[in-house]
Amino acid sequence: MQRRYFDYAATTPIDKRVLEVMIPQIENNFGNPSSVYSFGREARKSIDESRDTVARVLNAEPKEIFFTSGGTEADNWAIIGTAFANKNKGNHIITTSIEHHAVLHTCKYLEKHGFEVSYLPVDEYGMVDPEDVRNSIKESTILITVMYANNEIGTIQPIKKIGEIARENDVYFHTDAVQAFGSIEIDVKDLNVDMMSISGHKIYGPKGIGALYIRKGVKIDNLIHGGGQERKKRAGTENTPAIVGFAKACELVTENLKESAEKAIELRDYMIKNILENIDEVRLNGHPTERLPGNVNVSIRYIEGESILLSLDLIGIAASSGSACTSGALDPSHVLLAIGLSHEIAHGSLRFSIGKDTTREEVDFVLEKLPAIIQRLRDMSPLYNS
Amino acid sequence: MQRRYFDYAATTPIDKRVLEVMIPQIENNFGNPSSVYSFGREARKSIDESRDTVARVLNAEPKEIFFTSGGTEADNWAIIGTAFANKNKGNHIITTSIEHHAVLHTCKYLEKHGFEVSYLPVDEYGMVDPEDVRNSIKESTILITVMYANNEIGTIQPIKKIGEIARENDVYFHTDAVQAFGSIEIDVKDLNVDMMSISGHKIYGPKGIGALYIRKGVKIDNLIHGGGQERKKRAGTENTPAIVGFAKACELVTENLKESAEKAIELRDYMIKNILENIDEVRLNGHPTERLPGNVNVSIRYIEGESILLSLDLIGIAASSGSACTSGALDPSHVLLAIGLSHEIAHGSLRFSIGKDTTREEVDFVLEKLPAIIQRLRDMSPLYNS
Amino acid sequence: MYTDKVIDQFQNPRNVGELADADGVGEVGSPACGDIMKMFLKIENDVIVDVKFKTFGCGAAVATSSIATEMIMGKTLEEAEKLTNSMVVDELGGLPQEKVHCSVLAEQAIKAAIKDYRSKEVK
Amino acid sequence: MYTDKVIDQFQNPRNVGELADADGVGEVGSPACGDIMKMFLKIENDVIVDVKFKTFGCGAAVATSSIATEMIMGKTLEEAEKLTNSMVVDELGGLPQEKVHCSVLAEQAIKAAIKDYRSKEVK
Ligand SMILES: Cc1ncc(COP(=O)(O)O)c(C=O)c1O
Ligand SMILES: Cc1ncc(COP(=O)(O)O)c(C=O)c1O
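Residue numbers (the numbering used here), protein chains in the order written: chain A, 1 to 386; chain B, 387 to 772; chain C, 773 to 895; chain D, 896 to 1018.
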């Protein structure tokens, strides 16, 4: 069966060119970069060059880039690291109610350690109001963390504006750009961010690697303690092949950003328009225009997300849902609830994410098959009266 | 120039058979294991099978194996996670003065958070006395963490005995087995350990992957918060290719453990004997017999380690030193100081580590070249009077 | 994740629908939880002579409802009341751990429908 | 990590040794720190006519000692005193950040040797 992948927001296949630079690193450049001898020096050089590349594409300094094991670790580090390092200044953190769990659960953890966290609401499109951020800042606020673009509904936040407010108020500002990076242009200087998380496997790079941008001067504790790697800020023997692959992936996505985004937006809007026109009682989730180029998220009344996913999977289509049944939890996605959906409707949500390899043919296949799948499930549903 | 690698304790080249199982994972099995569709299910299956393998070689249950980004993270998690989760019971931790920095610096970090840490001394061979452990346990002791085998001098600790003492006293026991695993047989049940750290790149596996064994029932907080991966204990999209490669590496090293160890011990003892006989004012560091099969560590009077490493590197030999000059710090290795060496002698120490690919020819090459290198440097040294 | 049997029951569910003249109707779950099961029973002489279901829920919820209707069809009420969720899971060849709760719903829906029938009978 | 020039100075150090009849001897560093440099100067009419060194230390320590002796050979004391560690680093084509402290030792050793000479001269 031909498989059609519509879950680029979950993870991406590796770019062949990324794998090509990684293989020789794995095979030959295995030295420990902390060593003096030639094996080690070559690994060190590869890492230095990779750091330069990542810094360049973000408009950061190489000294401001720290490699981590992924986006989750970068988020944890930014939040836990600045919270504990600055707790003499205050214990208040501002975030939003639609963050990824890597941020939300980290904030919950900090609440247990005496920190106070404000979870800002969002509007029906999933948009945070920068004025809400401004009004929530108090004497004890030490950190604001707002995601750049939401992984479920794709809404892009006014990061630059929030960064301005943070800076005016002398509060650290972190953004989780795991979804945004590679899809939209990012310039850390222009954005006024102090910290930013990115991840390799979302940009056609390797898994198990990511980075935290830490602006020079930010006071932050280590999250992982040990050896002197990453200029004494992130211990653990460096994963040279993954670092080199990650840098290559950063370079490649940035190179083609404009065209890939344009192509994705066209497919996205085509897909959204068609679904809304051909299936009734469906709503689009997220902002109509301020959304990630590849994100399509709809709620389909009367039926439950996982059963749609399963039906799609049985004909080779891989998509994702905000339904709790996917994960075995009872509550549906906190993001869908935060934009005001009822539990029932949130359970019937579906995300298709478009990537660089998505074709019009694939989209058409989905559009052709989806209505019948939905009708079949609705016919089984006690909530649906045709 | 032919290169001869004698730094297997720092990191190992990947086994071709490990890479072979990883490549198809990278190329084809990229799905997010948390997803319901087939791409995801296949990744999930690979991870489950890998967990079974790792559990099997350690004689653990699959449910007790948690994948991490490496040995350092595993050490951090075991220590920080149990410390915070059990702080209602007490705030005292027992460790040794010769742990890897991944343990030592983590303990230092906890001291800043109100924990009290006892750093037990070791004897001249780097051996911890289990009775010292017993005598250090007090009402408030919540964790004992003692490394299985030392990375610098190779001394193997009486882990089973310490585990017995810990269990008798109802205190959690963690061991950093990053160096031991793959070199000596390990059975977590037999050892009485509650937690154990291992790492991929030390056993001819991939970098950026490791595992923490957590015995069922151990109360431990998460270190990395976020998604529900690793049964909600370690968040972050799973690094499937690395996990699969790691499991393969675990399998392969365990398969050949006996023969590789015997071969390594033979080369090790031959090397030690030759160096001690042919170069004067040299001492062996670490225990003469209770040491890792591949570890040779000697201190060479009157000269400094990095200059020896550099000289060796210039003829293609990669070794390691406990000298501070390697890292730019001023103090030499804390391990060498802990076994009672003076700063001066500690600075002149050298580690050769033997691995599965080391040949007698390579050892002979080192033994042939080393005396002249040492003589040349001694002739330059103001401390040496021939 | 799902066995072939689960997939088959999900793709080709038996006894989907409603019974306009049902003798007993049971509904359990709630849209908030992402699972609703509705069971319709036609009963003659304490024997289930027809059964239909409607389900809002995941693949496992659909499959467990479907197979449960097969398992009670033609059975006496007493026998049907003995149906447990683990019997349903076994019949499906197993369910992923996090989906086992769906099978509980099927058991409960049947019990609710029988209870409904009995409460009407008494009147 | 090291430039070719550093490697060359390390492998083929110039002016290694001692001067039995040195006019000034300077020793800096300590074995505890992992670096000792000892400089021997032969001085005639305030000009350095011969210089030797002995070093216990890393590759950078050896290389900086060696090149520093070359840089002051034949120079007046006044000129030699002006030698700074960054001149030594430049002459070597650079040093890794964590090794720059070694070049400071070379500067200090020369200054100590000149001071030693001057202190004897005064007497
Ligand atoms: C917005 C966002 N933040 C963080 C993460 C976590 O990144 P990683 O999977 O690399 O740990 C993800 C993806 O899972 C994400 O979409
Ligand atoms: C004893 C010991 N513990 C921990 C570590 C850290 O492991 P990793 O490099 O996988 O983070 C190492 C190696 O660096 C080690 O030798």
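For glycine and all other residues, C-beta sits at the position ideal for the given N, C-alpha and C.
Chain-ordered chain C contacts of residue i [CB-CB under 7 Å]
i, result
"histidine 225 of chain A", "Those within 7 Å of histidine 225 of chain A in chain C number zero; the least Cβ separation is about 34 Å."
"valine 422 of chain B", "Met773"
"isoleucine 315 of chain A", "Ordered by position in chain C, no residue passes the 7 Å Cβ test against isoleucine 315 of chain A, which lies about 11 Å from the chain."
"isoleucine 303 of chain A", "Phe828"
Chain-ordered neighbours of residue i on chain A, where CB pairs are closer than 7 Å
i, result
"lysine 810 of chain C", "Pro382"
"glutamate 893 of chain C", "What glutamate 893 of chain C touches in chain A: nothing, since even the nearest Cβ is about 24 Å away."
Reduced DSSP category for residue i - H, G, I as helix; E, B as strand; rest coil
i, result
"histidine 174 of chain A", "strand"
"aspartate 576 of chain B", "helix"
"isoleucine 844 of chain C", "helix"
"histidine 478 of chain B", "strand"
"alanine 446 of chain B", "coil"
"lysine 219 of chain A", "coil"
"leucine 212 of chain A", "strand"
"leucine 310 of chain A", "helix"
"serine 349 of chain A", "strand"
"alanine 318 of chain A", "strand"
"aspartate 518 of chain B", "helix"
"serine 299 of chain A", "strand"
"valine 983 of chain D", "helix"
"glutamate 124 of chain A", "coil"
"arginine 390 of chain B", "strand"
"valine 21 of chain A", "helix"
"valine 532 of chain B", "coil"
"aspartate 899 of chain D", "helix"
"threonine 468 of chain B", "helix"
Backbone CA spacing between residue i and residue j [nearest angstrom]
i, j, result
"phenylalanine 782 of chain C", "asparagine 642 of chain B", "47 Å"
"isoleucine 815 of chain C", "aspartate 888 of chain C", "12 Å"
"leucine 58 of chain A", "arginine 17 of chain A", "21 Å"
"isoleucine 14 of chain A", "alanine 249 of chain A", "9 Å"
"alanine 395 of chain B", "proline 627 of chain B", "23 Å"
"alanine 74 of chain A", "threonine 68 of chain A", "6 Å"
"arginine 56 of chain A", "glutamate 49 of chain A", "11 Å"
"leucine 529 of chain B", "isoleucine 93 of chain A", "32 Å"
"threonine 358 of chain A", "phenylalanine 365 of chain A", "12 Å"
"glutamate 124 of chain A", "glycine 340 of chain A", "6 Å"
"tyrosine 119 of chain A", "tyrosine 558 of chain B", "37 Å"
"isoleucine 967 of chain D", "glycine 954 of chain D", "20 Å"
"glycine 734 of chain B", "threonine 561 of chain B", "29 Å"
Within chain B, the residues that residue i reaches when beta carbons sit closer than 7 Å
i, result
"lysine 949 of chain D", "Met766, Ser767, Pro768"
"proline 389 of chain A", "Only positions 1 to 386 of chain A appear in the structure, and residue 389 of chain A is not among them; the question remains open."
Interface residues of chain C facing residue i [CB-CB closer than 8 Å]
i, result
"arginine 427 of chain B", "Met773"
Closer than 9 Å to chain B by CB, residue i
i, result
"glutamine 902 of chain D", "The sequence as given places isoleucine at residue 902 of chain D; glutamine does not occur at that position. Closer than 9 Å: yes."
"glycine 954 of chain D", "yes"
"alanine 1008 of chain D", "no"
"arginine 3 of chain A", "yes"
Chain B contact residues for residue i, given Cβ-Cβ distances below 9 Å
i, result
"alanine 242 of chain A", "Pro592, Lys593, Gly594, Asn625, Ala628"
CB contact check: residue i to chain A, cutoff 9 Å
i, result
"alanine 852 of chain C", "no"
"histidine 478 of chain B", "no"
"aspartate 822 of chain C", "no"
"lysine 494 of chain B", "yes"
"glutamate 799 of chain C", "yes"
Min CB distance residue i to chain C below 9 Å
i, result
"glutamate 131 of chain A", "no"
Contact set between residue i and chain A, taken where Cβ atoms lie within less than 8 Å
i, result
"phenylalanine 751 of chain B", "Chain A residues near phenylalanine 751 of chain B: none, gap ~15 Å exceeds 8 Å."
Contacts of residue i in chain D (Cβ-Cβ under 9 Å)
i, result
"histidine 720 of chain B", "Ordered by position in chain D, no residue passes the 9 Å Cβ test against histidine 720 of chain B, which lies about 14 Å from the chain."
Proximal residues of chain D, C-beta to C-beta of residue i below 7 Å
i, result
"isoleucine 548 of chain B", "Those do not exist, as isoleucine 548 of chain B stays about 33 Å from chain D at its closest Cβ, beyond 7 Å."
"histidine 696 of chain B", "First, the amino acid is wrong: residue 696 of chain B is leucine here, not histidine. Those within 7 Å of leucine 696 of chain B in chain D are Phe905, Gly954."
"glutamate 692 of chain B", "Cys953, Gly954"
Proximity test, Cβ basis, 9 Å: residue i and chain D
i, result
"serine 728 of chain B", "yes"
Ranges of the alpha helix (DSSP H) found wholly within the region 615 to 683 of chain B, counting only runs of at least 4: 615 to 618, 626 to 641, 643 to 664
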